[in-house]
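Undergrad: Just passing along the structure, written as structure tokens.
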Amino acid sequence: MGEPASDRPLHVALLSPCFWPEVRRGSERFTRELADGLIARGHRPSLITSHPGRPARSVENGLPVLRLPRPPQRRLLRRRYEPYLTHVPLSYLALRAGSYDLAHAVYPADALAAVRWKRRTERPVVLSYMGIPDRRGLTEYRSRLSVMLRCTRGCDAVIALSAHAAEAFRRWLGYEARVIPPGVNLSAFGPSTRAAQPTIVCTAAADVPRKHVGLLVQAFGQLRRQRPDARLILSRPPALEAAARAGVEVLAPGLEWRDLDRREALARAYGEAWVAVLPSVDEAFGLVLVEALACGTPVVGYAHSAIPELIDGPAVGRMFERLETESLARALLETLESPPDQLTAARCRARAEQFSTERCVERYLDLYNELL
């Protein structure tokens, strides 16, 4: 009889279609933080990912990483098929070649490879879905609905990041997803020296229209009529022209572009800001706001989707009710009028501590052991 799962190191295959340094989004950060938490507890996670190159193996800060070739997908994308399908057969073969106790995917296409592996090995599969499976999300790509249905039928557990996302699973897929919020690294994100001038930071992708960074810049221009000394820090995209095409006034007065890909730069920007803002509408969680809270910085977000689950009162931030310049500018101005003091910073930090990486990892370990 084998050793109980809870008493031995688990060999977990983490699957993500892309990873650092090619892409640095919330899902890649989640994968890295989960891996770090598992390693710290004596477990053996390995990452299976893909890139536009030859097969490559490496060990990155203790995490074994296998980068599989990603065959060209331009033709599929032009026909609006699900992204990141071309490497899935290779991910399946990589799973078959390993001796994993469990597979944990963070993207539906990778979950397809894991479900196929499960049929051969009878080992459990988990999918952490990073989005909201509502009408827009399920019809964005030609194959998204069928892929999600195969995932909910084949995975042992599908995880939603928030109660809002879980409700979408229930409504649109008839599936009861479990809720495990992603965690913030409280050691990496903490209070630092606050800027002397009123400072707003937004780390959302400025070149993605649905993030509504263009609306934020417009609201910032309106705000500066009352606070002309205010500045807005934005995360610099690979090409400012792409941000301009997304409706962002890239040379607006008071606007400062920074390279915020590295965690240290991100934490520094959060720490010096008076307020952090996420203007996007369809957030499954809003990890960037929790990172700002961990730095003692109040936040502003849209009063819909999962954001109300994070901003639980005016002590930690404000919400704007309408996707309009005036509504967003008002929420920002109200927050700036009360610069963060020690009490505010402590309240923000306490709120972030409810979403720590440690809590997240422990909940996933409980799930793994339940499934094993």
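Counting along the sequence shown from 1, when you hit position 287 you're at 401 in our numbering, and nothing is skipped either side.
The beta-carbon is built from N, C-alpha and C at its ideal position, and this holds for glycine as well.
This structure is a prediction, so every number in the text was calculated from the model and none was measured.
(1) Okay, do the segment 305-318 and the segment 274-286 touch, 3+ Cβ pairs below 8 Å being the bar?
(2) Could you give the residue range of the alpha helix (DSSP H) that holds C265?
(3) Can you tell which of Y255, L182, A225 has the C-alpha that lies nearest to the C-alpha of L190?
(4) Can you give the Cα-Cα distance for L252 and I246, rounded to whole angstroms?
(5) Between the beta-carbon of G524 and the beta-carbon of E147, is there less than 8 Å?
(6) Using C-beta distances below 7 Å, list every residue in its chain close to T313, excluding the 5 sequence neighbours before and after it, in chain order.
(7) Taking three-plus beta-carbon pairs below 8 Å as touching, is the segment 178-192 in contact with the segment 432-442?
(8) Quick one: is R210 buried, meaning 16 or more other Cβ sit within 10 Å of its Cβ, or exposed?
(9) So what does DSSP say about Y195, is it helix, strand or coil?
(10) Can you give the Cα-Cα distance for A321 and R359, rounded to whole angstroms?
(11) Alpha carbon to alpha carbon, what distance is there between R233 and R292?
(12) When you compare each of E472, S257, S301 to R377 by their alpha carbons, which one comes out closest?
(13) Return the CA-CA distance between W371 and T163, expressed in angstroms with no decimal places.
(14) When DSSP builds the beta bridges, which residues end up paired with F434?
(15) Is G116 helix, strand or coil when you go by DSSP?
(16) Taking V315 as the reference, which of V229, K325, E196, S349 has the closest Cα?
(17) What does a CB cutoff of less than 6 Å around S470 pick up in its chain, not counting 5 residues either side in sequence?
(18) State the DSSP-derived secondary structure class of S394, mapped to helix, strand or coil.
(19) Can you find the residues in the same chain that come closer than 6 Å, C-beta to C-beta, to R240, ignoring five residues on each side of it along the sequence?
(20) Are there 16 or more other CB atoms within 10 angstroms of the CB of G415, so buried, or fewer, so exposed?
(21) Please list the segments of the alpha helix (DSSP H) lying wholly inside the segment 268-307, counting only runs of 4 or more residues, in order along the chain.
(22) In whole angstroms, what separates the C-alpha of G116 from that of R237?
(23) Near T266, which residues of its chain fall below 7 Å by C-beta distance, leaving aside the five closest residues on each side in sequence?
TA: In brief:
(1) The segment 305-318 is not in contact with the segment 274-286.
(2) Run containing C265: 258-268, per the alpha helix (DSSP H) assignment.
(3) Closest by C-alpha distance to L190, out of Y255, L182, A225, is Y255.
(4) In a straight line, the C-alpha of L252 is about 9 Å away from that of I246.
(5) No statement about residue 524 is possible, as the shown extent of the chain runs from 115 to 486 and does not include it.
(6) Contacts found: R345, I347, E386, A387, W388.
(7) Judged by Cβ distances under 8 Å, the segment 178-192 makes no contact with the segment 432-442, as fewer than three pairs qualify.
(8) R210 is exposed by the Cβ-count criterion.
(9) The answer is coil: DSSP assigns Y195 none of H, G, I, E or B.
(10) Before going on, a small fix: residue 321 reads as Asp here, not Ala. Answer to the nearest angstrom: the Cα atoms are 7 Å apart.
(11) For R292 and R233, the distance between alpha carbons rounds to 22 Å.
(12) Residue S301 is the option with its Cα nearest to R377.
(13) When the Cα atoms are used, W371 and T163 turn out to be separated by approximately 30 Å.
(14) Y416, per the DSSP bridge assignment.
(15) Low local confidence applies: a pLDDT of 48 at G116 is under 50, so the model's placement there is unreliable, with the coordinate-based value given in what follows. Secondary structure of G116 (DSSP, three-state): coil.
(16) Nearest Cα to V315 within the set V229, K325, E196, S349: S349.
(17) Counting only residues of its own chain and dropping the five nearest sequence neighbours on each side, S470 has a CB closer than 6 Å to the CB of G297, L300.
(18) In the structure shown, the three-state DSSP call for S394 is coil.
(19) It should be pointed out that residue 240 corresponds to Val in this sequence rather than to Arg. By the criterion of a C-beta distance shorter than 6 Å, V240 is surrounded in its chain by H218, A271, once the five residues flanking it on both sides are discounted.
(20) Counting Cβ neighbours within 10 Å, G415 comes out buried, since at least 16 surround it.
(21) Runs found: 277-282.
(22) Summary for G116: the model assigns pLDDT 48, below 50, so the residue's position carries little reliability; its value from the coordinates is reported in the next sentence. About 14 Å.
(23) Cβ neighbours of T266 beyond the five flanking positions: V272, L287, Y289.
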